[in-house]
Amino acid sequence: MADNEGLLHEVADAVISCKKEKVLETVEKARAEVPPADIIEKGLSAGMNQVGVLFERGKLFLPHVMMAADAMTAGVKLLEADLPEGAEKKLGVIVNGTVEGDVHDIGKSIVSTMLQSAGFEVHDIGRDVPIRNFVEKAKETDADMIGISALMTTTLQGQRDVIELLKEEGLKSRVKVMVGGAPATQAWADKIGADCYAENASEAVAKAKEMLL
0 MADNEGLLHE VADAVISCKK EKVLETVEKA RAEVPPADII EKGLSAGMNQ VGVLFERGKL
60 FLPHVMMAAD AMTAGVKLLE ADLPEGAEKK LGVIVNGTVE GDVHDIGKSI VSTMLQSAGF
120 EVHDIGRDVP IRNFVEKAKE TDADMIGISA LMTTTLQGQR DVIELLKEEG LKSRVKVMVG
180 GAPATQAWAD KIGADCYAEN ASEAVAKAKE MLL
């Protein structure tokens with residue numbers, strides 16, 4: 000078991016190094032000894048979580064996050080054939096986007112990547128997204144949660160509008176809402192009736208798990 004832990008650490012470290020070849024090499028080495036689900040959860044995902052933490056501390060930058068996510072995805076693909084049928088069950092379905100009038104994309108993209116890495120099925124609908132599109136996409140994908148990012152005080156109101164539309168459509172009790180972005184706060188989330196507020200990508204993953212599992 001100690002050997003397995005060592006192998007899983009190697010996989011996680013390879014993800015943190017952001018090098019795809021290294022990730023594939025360590026996954027290949029680990030798959031002879033460790034169940035594929037463990038390699039994904041305790042190796043690849045654990046490494047990706049650490050990448051998120053380092054990004055938030057300013058130790059890694061966006062290109063690193065994207066390279067690590069790419070490397071991690073390649074590692075998961077390598078293991079897909081080893082997984083038993085149905086083992087890749089998703090933790091939940093999340094629609095994630097930045098509200099209309101707001102063209103900021105980076106934070107939201109990192110949140111989507113981290114949620115995906117944690118095992119959620121994520122439908123990233125991009126930036127500058129009309130209010131109705133959030134609700135329509137949630138219906139289409141039978142989503143459990145909508146993540147709404149707003150990076151400017153002028154677009155913050157869009158988060159409230161999505162929630163109001165969910166109420167009008169009779170979906171608010173079924174679909175959780177998470178809000179985030181620089182001007183958003185817990186007090187704002189409470190005021191507009193959002194289910195939770197996340198300050199960063201790691202917190203978004205923790206809150207989504209809390210709400211949906």
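0 is the number of the first residue of the sequence shown in numbering that gives the first Met the number 0; add one for each residue after it. Beta carbons are placed, not taken as given, at the ideal position from N, Cα and C, and that holds for glycine. These numbers come from a predicted model, not from an experiment.
Output the distance between the C-alpha atoms of F54 and E202, rounded to the nearest integer angstrom.
F54 and E202 have their C-alpha atoms spaced approximately 13 Å apart.
Which one of H103, K190 and M144 has the shortest CA to CA distance from A181?
Nearest to A181 by C-alpha distance, out of H103, K190 and M144, is H103.
Along the chain, where does the beta strand (DSSP E) containing M144 start, and where does it finish?
Run containing M144: M144 to S148, per the beta strand (DSSP E) assignment.
Proximity of D2 and E32 at Cβ, strictly below 8 Å
Yes, Cβ-Cβ distance for D2 and E32 is below 8 Å.
Which runs of the alpha helix (DSSP H) at least 4 residues long sit entirely within the region 21-89? Give them in chain order.
Runs found: 45-55 and 61-79.
Just the Cα atoms here: how many angstroms apart are K213 and K89?
Residue numbering for the chain in the displayed model covers 0 to 212; residue 213 lies beyond these limits and cannot be assessed.
Look at the alpha carbon of R56 and the alpha carbon of M66, and state the distance between them as a whole number of angstroms.
One C-alpha to the other measures close to 18 Å.
Status (buried if at least 16 other CB within 10 Å, exposed otherwise) for Q115
Label assigned to Q115: buried.
Buried or exposed, going by whether 16 or more other CB atoms sit within 10 Å of the CB of E213?
With the chain running from 0 to 212 in the structure shown, residue 213 is simply not present.
Segment contact flag, the region 126-143 with the region 69-79, C-beta cutoff 8 Å, min 3 pairs:
Judged by Cβ distances under 8 Å, the region 126-143 makes no contact with the region 69-79, as fewer than three pairs qualify.
Proximity below 8 Å, CB of V128 to CB of E168
Taking the C-beta atoms as reference points, E168 is found no nearer than 8 Å to V128.
Span separating the alpha-carbon of G125 from that of L165
A direct Cα-Cα distance of roughly 19 Å separates G125 from L165.
On a Cα-Cα basis, can you pick out the residue from D141, L43, V64 and V26 that is closest to A200?
Of the listed residues, the one whose Cα sits closest to A200 is V64.
With DSSP as the reference, please indicate the residues paired to K175 in a beta bridge.
According to DSSP, K175 shares a beta bridge with M144.
What's the C-alpha gap between L7 and L170?
Between L7 and L170, the C-alpha separation is close to 41 Å.
Apart from the five residues just before and just after I109, which ones in its own chain have a Cβ nearer than 8 Å to its Cβ?
Correct list, in chain order: G51, F54, L61, V64 and A200.
According to DSSP, residues forming a beta bridge with C17
In DSSP, C17 forms no bridge with anything.
For E209, tell me which candidate among K175, W187, S16 and G192 has the shortest Cα-Cα distance.
Of the candidates K175, W187, S16 and G192, the one whose C-alpha sits nearest the C-alpha of E209 is K175.
What first and last residue would you give for the beta strand (DSSP E) that runs through V92?
Counted as a single uninterrupted DSSP element, the beta strand (DSSP E) harbouring V92 occupies residues V92 to T97.
So what does DSSP say about E135, is it helix, strand or coil?
Helix, per DSSP.
Contact defined as beta carbons within less than 8 Å: I believe G192 pairs with I147. What is the distance between those atoms, to the nearest angstrom?
The beta-carbon distance between G192 and I147, rounded to whole angstroms, is 12 Å. This is too long to meet the 8 Å contact definition.
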